[in-house]
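Quick notes on the structure that follows.
Chains as they are written, first to last, in the working numbering: chain A, 1 to 467; chain B, 468 to 907.
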């Protein structure tokens with residue numbers, strides 16, 4: 001075997017400095033963003049990126065499952081499905097057919113915070129997408145017949161995603177327990193019983209309440225002429241009148257005063273333990289520091305295969321087959337810092353939960369090393385470059401920030417502030433927030449398969465079958 | 468083998484552009500005989516590297532099922548002078564991301580790194596070690612076996628995994644495409660360090676290696692980088708082709724009991740090779756049947772008209788030998804029969820009538836008009852390079868794609884579908900099965 005080629009070790013601080021310099025040279029030049037707010041209140045944001053002859057269009061409504069009320073959970077997502085069911089001029093299903101005929105891809109997604117509709121097309125076909133989106137913002141037809149079929153489709157979606165997945169049920173229970181009052185306690189897809197009793201009028205109320213230009217942001221990214229996009233936006237979305245929005249109640253989550261626990265029993269092989277702590281989200285990108293320190297903390301715990309949780313629980317102690325940790329600072333509602341683990345065969349949930357907590361406690365007590373910190377920062381910096389490979393993601397980031405009530409221009413501030421996070425700050429947020437009084441523990445208690453273990457013949461389709 | 472993940476990779480090869488300037492694919496071989504495919508692009512300061520070997524799960528034998536997967540996986544957990552901890556930390560130190568690839572035909576690694584010399588150099592050095600001098604540490608191997616086995620056991624509780632496995636077994640019988648990529652509990656448990664070492668020595672050879680490079684380096688740098696990746700491997704010989712798949716005989720249906728609220732349908736037969744004279748008729752024809760999402764007949768009949776499923780589709784997954792054709796859906800238990808019957812009726816109607824001229828035009832518009840979307844990122848271009856390289860497709864495969872799609876006629880589709888998708892030879896696996904009464 002060939003000897004390994006020599007590798008001179010790079011001092012981490014130097015490397016980080018190099019990375020930062022490298023990026024400073026490369027990044028700003030390519031970001032050209034133009035923004036305008038139409039007289040009806042709709043925001044239009046255009047990001048030019050000429051790497052490929054392609055354009056992405058996304059219309060974001062600031063209405064997600066957190067804006068729903070008891071008894072009608074899931075209606076934001078149901079309406080998303082109904083948005084493909086036709087307008088006065090464009091019959092049911094035609095939206096998709098016309099985009100497909102233009103060579104486009106299209107779909108939509110609903111989250112706790114927002115609902116967004118997107119198309120990706122050759123750049124010279126962008127106008128079609130804007131025209132069709134504007135049409136369904138104003139002219140959706142909600143027929144009881146189409147609704148009756150589509151609500152069944154949504155229930156199938158819930159069965160597939162949640163009812164038949166032990167892990168998804170666990171996550172649903174975790175959220176419903178970690179949040180006591182805030183609507184983040186409801187699943188985006190809605191509770192099954194609410195779906196069963198939902199009517200077309202629920203969808204109509206939702207549409208009439210939230211689908212207005214003053215609650216929407218159009219984000220276009222790609223090889224486009226911003227002035228032309230603005231002209232189209234004005235032509236198609238401009239005539240849609242603004243309407244007053246329903247009142248948004250704050251629905252603040254009360255302060256948690258002690259640990260909460262929930263157990264989910266479901267057919268599965270492996271147990272799972274998930275921990276979620278109430279932590280601050282990003283509100284002021286310039287002044288806040290705790291959410292950034294929590295982001296870095298998530299990287300220290302689970303940023304790569306040798307990060308603390310995997311190194312300790314999976315590799316050294318062999319307590320778990322899988323571990324994870326994560327924190328999303330960008331949201332409209334109260335944030336959670338989540339860690340989870342799957343116990344190795346023969347290891348108890350209690351032992352794994354204790355080990356997870358011990359890693360957190362060690363971090364809060366002893367802090368992190370400079371090399372760990374710099375490693376996470378190097379990944380943040382590289383991620384900033386890698387993200388630019390996806391046009392869709394670039395548009396998505398702008399839409400997420402905007403609907404979360406943040407200035408998308410502060411995305412660069414975020415990177416600078418992440419680089420400035422100190423070891424002391426990471427230690428401080430671990431000690432302050434990752435404590436039992438802010439914690440919810442959810443455990444999947446695996447049950448045997450009711451039908452028994454399926455036999456898996458390798459080469460038989462029933463009696464007498466011969467290949 | 469995850470049919471869906473394979474499918475995603477292979478399908479990405481399928482579309483083409485209107486105003487097509489052509490990707491300048493550069494191709495050469497390293498001194499040791501590894502084939503290299505390179506697209507130079509300096510838009511972003513990053514480099515994507517993919518290395519593939521014909522060392523996928525089709526190289527496994529039943530008694531050692533899972534060996535190919537475990538070998539590739541443990542290669543990345545300690546190599547040459549680097550412990551598993553070193554590897555992850557040194558990659559993270561330069562912000563690089565290394566991931567594994569495993570399917571029936573291919574095994575390999577993808578590396579995404581910043582293109583600066585220091586970052587790229589450090590990441591590539593690690594990949595070189597992983598390819599040429601894996602340690603296969605015994606303690607790490609035992610740990611990873613336990614993790615793989617836990618994954619197999621968990622998958623055996625999930626209807627989609629159970630169905631996929633039974634479907635593969637039904638289609639491929641004794642052919643290695645029947646083998647589960649992860650292996651079986653007993654076969655994985657029996658694997659030893661010697662097995663991994665031998666598999667590595669036999670398959671990770673320069674003449675069995677395809678290197679794809681996309682991004683911010685020069686041709687001269689690409690040559691040096693590729694030569695370095697291959698230099699530590701023995702030249703060896705490429706392995707023999709994967710044996711042909713026996714032609715489908717009589718079909719059958721199997722219902723596997725499961726407690727889930729939905730039934731999962733798997734219906735199909737061995738369908739299409741990577742190099743196949745019917746590739747384009749089947750590709751265009753399948754868009755109309757069940758590949759085109761909301762633009763397809765299956766979605767129209769089962770989801771839009773009847774509200775029976777969230778997800779319903781058909782696909783051909785071209786492999787070195789005949790990969791599967793599959794129709795799939797999930798539906799509530801009490802609607803199982805209705806959904807399966809509707810899918811069969813749609814297929815029968817398609818085989819009888821073929822597509823209309825309007826449907827054919829719509830499919831061509833989408834496939835041809837959507838081509839630029841298929842190559843609008845470094846990641847997607849890298850995937851093309853990897854497929855073109857691995858399957859030795861012509862370098863102008865993308866350049867000729869639009870014309871080949873445009874040339875497909877209704878008759879071509881009818882003939883090709885009737886020849887390949889024979890209802891009497893179709894295998895059906897249903898996990899769950901019909902329940903009487905309302906599941907709602």
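Every residue, glycine too, gets a C-beta built ideally from N, C-alpha and C.
Checklist entry - From the beta carbon of residue 270 of chain A, is the nearest beta carbon of chain B less than 8 angstroms away? => result Closer than 8 angstroms to some Cβ of chain B, the Cβ of residue 270 of chain A qualifies, so yes.
Next on the checklist: If you reduce the DSSP assignment to three classes, tell me which class residue 264 of chain A lands in.
Outcome noted: Strand, per DSSP.
Item to check | Under the three-state DSSP convention, the category residue 784 of chain B falls into | outcome: Residue 784 of chain B: coil per DSSP, three-state reduction.
Item to check | Neighbour flag for residue 901 of chain B against chain A, beta carbons, 8 angstroms | outcome: Taking 8 angstroms as the CB threshold, residue 901 of chain B stays off the interface with chain A.
Checklist entry - Which same chain residues, not among the five before or five after residue 741 of chain B, have their C-beta less than 7 angstroms away from its C-beta? => result Within the same chain, residue 741 of chain B has close Cβ partners 785, 786, 787, 858.
Checklist entry - Within 8 angstroms (strictly less), CB to CB, does residue 28 of chain A reach chain B? => result Bear in mind that a pLDDT of 42 at residue 28 of chain A, under 50, signals an unreliable position, so the number given afterwards is only what the model happens to contain. It does not: the Cβ of residue 28 of chain A has no partner Cβ on chain B nearer than 8 angstroms.
Checklist entry - residue 432 of chain A versus chain B: which residues are under 8 angstroms apart at the beta carbon? => result For residue 432 of chain A, there are no C-beta contacts with chain B under 8 angstroms, since the nearest C-beta of that chain is about 26 angstroms from it.
Item to check | Against chain B: residues of the segment 72 to 88 of chain A by CB proximity under 8 angstroms | outcome: When CB distances to chain B are screened at a threshold of 8 angstroms, the residues of the segment 72 to 88 of chain A falling below it are 84, in chain order.
Checklist entry - residue 77 of chain A: buried (16+ other C-beta within 10 angstroms of its C-beta) or exposed? => result Buried is the call here.
Item to check | Proximity to residue 762 of chain B [Cα-Cα], best of B:585, B:729, B:700, B:828 | outcome: Looking at the Cα atoms, B:828 is the closest of the given residues.
Checklist entry - Interface residues of chain B around residue 353 of chain A at Cβ under 7 angstroms? => result Those within 7 angstroms of residue 353 of chain A in chain B number zero; the least Cβ separation is about 18 angstroms.
Item to check | residue 513 of chain B (DSSP reduced to helix, strand or coil) | outcome: The DSSP-derived three-state label of residue 513 of chain B is strand.
Checklist entry - In its own chain, which residues sit with a C-beta less than 7 angstroms from the C-beta of residue 258 of chain A, not counting the 5 before and 5 after it? => result The answer, listed in chain order, is 437.
Checklist entry - Nearest to residue 177 of chain A by alpha carbon, out of A:40, A:253, A:249? => result For residue 177 of chain A, the closest C-alpha among the options A:40, A:253, A:249 is that of A:253.
Item to check | Integer-rounded CB distance, given that residue 739 of chain B should sit under 8 angstroms from residue 732 of chain B | outcome: Under the criterion of beta carbons closer than 8 angstroms, residue 732 of chain B and residue 739 of chain B do not qualify as touching, at roughly 20 angstroms.
Next on the checklist: For residue 392 of chain A, which residues in the same chain have their Cβ closer than 7 angstroms to its Cβ, ignoring the five residues on either side in sequence?
Outcome noted: The beta carbon of residue 392 of chain A sits closer than 7 angstroms to those of 56, 120, all from its chain and outside the five residues before and after it, given in chain order.
Checklist entry - Can you find a C-beta in chain B that's less than 8 angstroms from the C-beta of residue 265 of chain A? => result So, not an interface residue.
Next on the checklist: Less than 7 angstroms separating the Cβ of residue 854 of chain B from some heavy atom of the ligand ZN?
Outcome noted: Of ligands this structure carries none, so the ligand ZN is not represented either.
Checklist entry - Fully enclosed by the segment 156 to 187 of chain A, which alpha helix (DSSP H) runs are 4 residues long or longer? => result Fully enclosed alpha helix (DSSP H) runs of no fewer than 4 residues occupy 166 to 178 of the segment 156 to 187 of chain A, in order along the chain.
Checklist entry - If you check the beta carbons only, do residue 778 of chain B and residue 753 of chain B fall under 8 angstroms apart? => result Not in contact: residue 778 of chain B and residue 753 of chain B (Cβ atoms no closer than 8 angstroms).
Next on the checklist: Quick check on residue 795 of chain B: buried or exposed, where buried means 16 or more other Cβ atoms within 10 Å of its Cβ?
Outcome noted: By the neighbour-count rule (16 or more Cβ atoms within 10 Å), residue 795 of chain B is buried.
Item to check | Element boundaries [beta strand (DSSP E), containing residue 272 of chain A] | outcome: Where residue 272 of chain A is concerned, the enclosing beta strand (DSSP E) stretches over 272 to 279.
Item to check | Beta-ladder partner(s) of residue 107 of chain A, from DSSP | outcome: Per DSSP, A:118.
Item to check | Length at least 3, wholly inside the segment 312 to 374 of chain A: the beta strand (DSSP E) runs in chain order | outcome: Within the segment 312 to 374 of chain A, the runs of beta strand (DSSP E) at least 3 residues long that lie entirely inside it are, in chain order, 320 to 327, 335 to 343.
Checklist entry - Do you know how far the Cα of residue 68 of chain A is from the Cα of residue 245 of chain A? => result Approximately 14 angstroms between the Cα atoms of the pair.
Checklist entry - When you compare each of A:401, A:360, A:83, A:197 to residue 439 of chain A by their alpha carbons, which one comes out closest? => result With distances taken between Cα atoms, residue 439 of chain A lies closest to A:360.
Next on the checklist: Considering Cα atoms alone, identify which of B:498, B:578, B:872, B:634 is closest to residue 718 of chain B.
Outcome noted: Per the C-alpha coordinates, the member of B:498, B:578, B:872, B:634 positioned closest to residue 718 of chain B is B:634.
Item to check | the segment 350 to 364 of chain A in contact with the segment 284 to 294 of chain A per 3-pair CB rule at 8 angstroms | outcome: Verdict: no, contact absent.
Item to check | beta strand (DSSP E) runs wholly inside the segment 725 to 768 of chain B, at least 3 long, in chain order | outcome: Note on the segment 725 to 768 of chain B: whole beta strand (DSSP E) runs with a minimum of 3 residues are 729 to 739, in chain order.
Item to check | Closer than 8 angstroms to chain B by CB, residue 381 of chain A | outcome: With its beta carbon less than 8 angstroms from one in chain B, residue 381 of chain A belongs to the interface.
Item to check | Contact list for the segment 384 to 399 of chain A against chain B, Cβ threshold 8 angstroms | outcome: Within the segment 384 to 399 of chain A, those residues whose Cβ lies closer than 8 angstroms to any Cβ of chain B are, in chain order, 385, 386, 388, 389, 390, 391.
Checklist entry - Taking the beta strand (DSSP E) that residue 567 of chain B falls in, what are its first and last residues? => result Segment 564 to 569, the beta strand (DSSP E) holding residue 567 of chain B.
Checklist entry - Leaving out five residues before and five after residue 907 of chain B in sequence, what residues of the same chain have Cβ atoms less than 6 angstroms from its Cβ? => result In this prediction, residue 907 of chain B scores a pLDDT of 39, lower than 50, which makes its location untrustworthy; the coordinate-derived value is nonetheless stated afterwards. In the same chain as residue 907 of chain B, and ignoring 5 residues on each side of it, no C-beta atom comes closer than 6 angstroms to its own.
Checklist entry - How about residue 376 of chain A and residue 303 of chain A: do their beta carbons lie closer than 8 angstroms? => result The answer is yes: Cβ separation under 8 angstroms.
Next on the checklist: Applying the 10 Å Cβ sphere with the 16-neighbour rule, what's the burial state of residue 484 of chain B?
Outcome noted: Below a pLDDT of 50, predicted positions are generally treated as unreliable, and residue 484 of chain B, at 39, falls in that range; no measurement from the model is reported.
Item to check | Simplified DSSP assignment, three categories, for residue 95 of chain A | outcome: Note: residue 95 of chain A maps to helix in three-state DSSP.
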